[in-house]
Each structure stands twice: as structure tokens, then as C-alpha cells.
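Protein chains in written order, with this note's numbering: chain A, 1 to 112; chain B, 1 to 114.
Backbone N, C-alpha and C fix where the C-beta goes; we use that ideal spot for every residue, glycine too.
Given the structure is predicted, the values throughout are model-derived calculations rather than measurements.
Right, one structure below, let's go through it.
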Amino acid sequence: ETGVTQSPTHLIKTRGQQVTLRCSSQSGHNTVSWYQQALGQGPQFIFQYYREEENGRGNFPPRFSGLQFPNYSSELNVNALELDDSALYLCASSLDRYSPLHFGNGTRLTVT
Amino acid sequence: DQQVKQNSPSLSVQEGRISILNCDYTNSMFDYFLWYKKYPAEGPTFLISISSIKDKNEDGRFTVFLNKSAKHLSLHIVPSQPGDSAVYFCAVMNYGGSQGNLIFGKGTKLSVKP
């Protein structure tokens, strides 16, 4: 059984640029959630996708957007990058909205 | 303002002894509570959970206790092993919410010394 995979593992971008992070969910999982983990903090909920529809959003501005594809993989897009966007971005998939999350290893984004 | 607080950033315990990790929350509407473990360079891994209708849940060496009146939960690991060394996150879920939308604490780094 393949777990949650995220790409790339590391990324360096310049302030003002745009970035796309990718996530392949675990086989059979139809729900994907994205979290941002800043240094020294716990993961913070960005949004969740269930069957290609956004199903909940945390306290993040509209420049954070996402997509879920028919195969349940997902993308996180961040526009107009700011220095504070530097963080570990975690993707998690689950069997449904009420099942435990299975996290990927994350993408480390550095904005300079 | 933090809704989930893990007031101990770190904890050091001798192998074989008990590790107790604590978590406080502010909102009585939270009704499902989880612990995740995270090793460096890996994503968090689900460890154990408890719903608000219970006050204790056990899974092998891991036990979670919930005190609703005090809005406090704790994770006990007995006996502690060096492989338990990791960062432990407490997470809570709103009533009627989904497990995709969790509120995490800042974590406690546990070091188990041989």
C-alpha cells in the first residue's frame, strides 16, 4: 500500500513568486487536507478537499488555493509569496472526512 | 490566542519509566481528541484518540486520559522506550467537524534516554 507522497521535498522561492505543491493521496482515500507548519509551531489547517470540492478552510488568505483531481491527488497553490510563508507544508489523506489522517513527509518551502 | 496548549516544549525520561505528556484546551465544544507523533523529516503519525464520552483509552503502552471539567488531556507511555523519542502533538476536533480540520498544539519533544 503506497502512502501519501508529496513533491517536491524542498523548494526555494523569492518573495512575490507563485508556487505549486503536489500531493498523491493514499490508495482508496478520497479526502485530502493541507496543513502549514511554521518553525516551532504545530500544523495549522489550510483547507480540506472531499471528492474534488473544498470542504472547509482555515484562517488563510485567498492567495492560498487548492485543487483536487478525479484520482484524488491534490495541489496547493500559493500566490504572491511572502517571507512568512516559509514553512513545512503537510498533506494528509483519509478514507473519508471522519477517519484518521495519514500525513506525507511534507514540502519544506523557503521564501527569500 | 491558542486554543490548544502544550506547555512543556520538551520532556526527558529514562528508558523503562513513565512518560506523561500534557495538553490543555479552551473550548468545551471540542469533542474528539487525538495524539500524533512526529519523527524528524517525516509527517505526523496518528497514535491514539479519545472521544468526549470517555475518560480513558488504552492502546498497548499508550493511554490517553481526558478530564473534561478541567479541559485537560494527557498521554501516558509505559514503559518508555528510546524509539518513542519524537515530537508529540495533541490535536482536537470540533463537534460535527471532520478529522481533516484539526487544531494542533505546538508539540512536546520527548527524549527517552537508554
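Name the one or two DSSP bridge partners that residue 54 of chain A has.
A:49
Under the rule that 16 or more other beta-carbon atoms within 10 Å means buried, what is residue 10 of chain A, buried or exposed?
So residue 10 of chain A counts as exposed.
Tell me, please, whether the region 94 to 103 of chain A touches the region 26 to 35 of chain A by the rule of three or more beta-carbon pairs shorter than 8 Å.
Between the region 94 to 103 of chain A and the region 26 to 35 of chain A, the count of C-beta pairs closer than 8 Å reaches three or more; the two stretches touch.
Cβ closer than 7 Å: which chain B residues qualify as neighbours of residue 41 of chain A?
106
To which residues of the same chain is residue 20 of chain B closer than 7 Å at the C-beta, ignoring the five residues directly before and after it?
The residues are 74, 76.
Below 8 Å between beta carbons: does that hold for residue 50 of chain B and residue 64 of chain B?
yes
Span of the beta strand (DSSP E), counted from its first residue to its last, around residue 86 of chain B:
Looking at the DSSP string, the run of the beta strand (DSSP E) that includes residue 86 of chain B is 86 to 94.
C-alpha distance - residue 119 of chain A paired with residue 84 of chain B, whole-angstrom precision
Given that chain A is displayed from residue 1 to residue 112, the structure contains no residue 119 of chain A and the question cannot be resolved.
Partner residues on chain A for residue 62 of chain B, Cβ-Cβ distance less than 7 Å:
Within chain A, no residue comes near residue 62 of chain B; the closest Cβ sits about 14 Å away, beyond 7 Å.
Does the region 20 to 27 of chain A come into contact with the region 79 to 86 of chain A, if we say contact requires no fewer than three beta-carbon pairs (one atom in each stretch) closer than 8 Å?
no
Three-state secondary structure (DSSP) at residue 96 of chain A?
Three-state result, residue 96 of chain A: coil.
For residue 12 of chain B, which beta-bridge partners are listed by DSSP?
Note: residue 12 of chain B sits in a beta bridge opposite B:111.
Using only the alpha-carbon positions, how far apart do residue 107 of chain A and residue 22 of chain B sit?
29 Å
Going along chain B, which residues have a C-beta under 8 Å from residue 61 of chain A?
In chain order: nothing, as chain B lies at least about 18 Å away.
Within 10 angstroms of the Cβ of residue 78 of chain B, are there 16 or more other Cβ atoms? Answer buried if so, exposed if not.
exposed
Contacting residues, own chain, Cβ-Cβ under 6 Å from residue 72 of chain A (five flanking each side not counted):
25, 30
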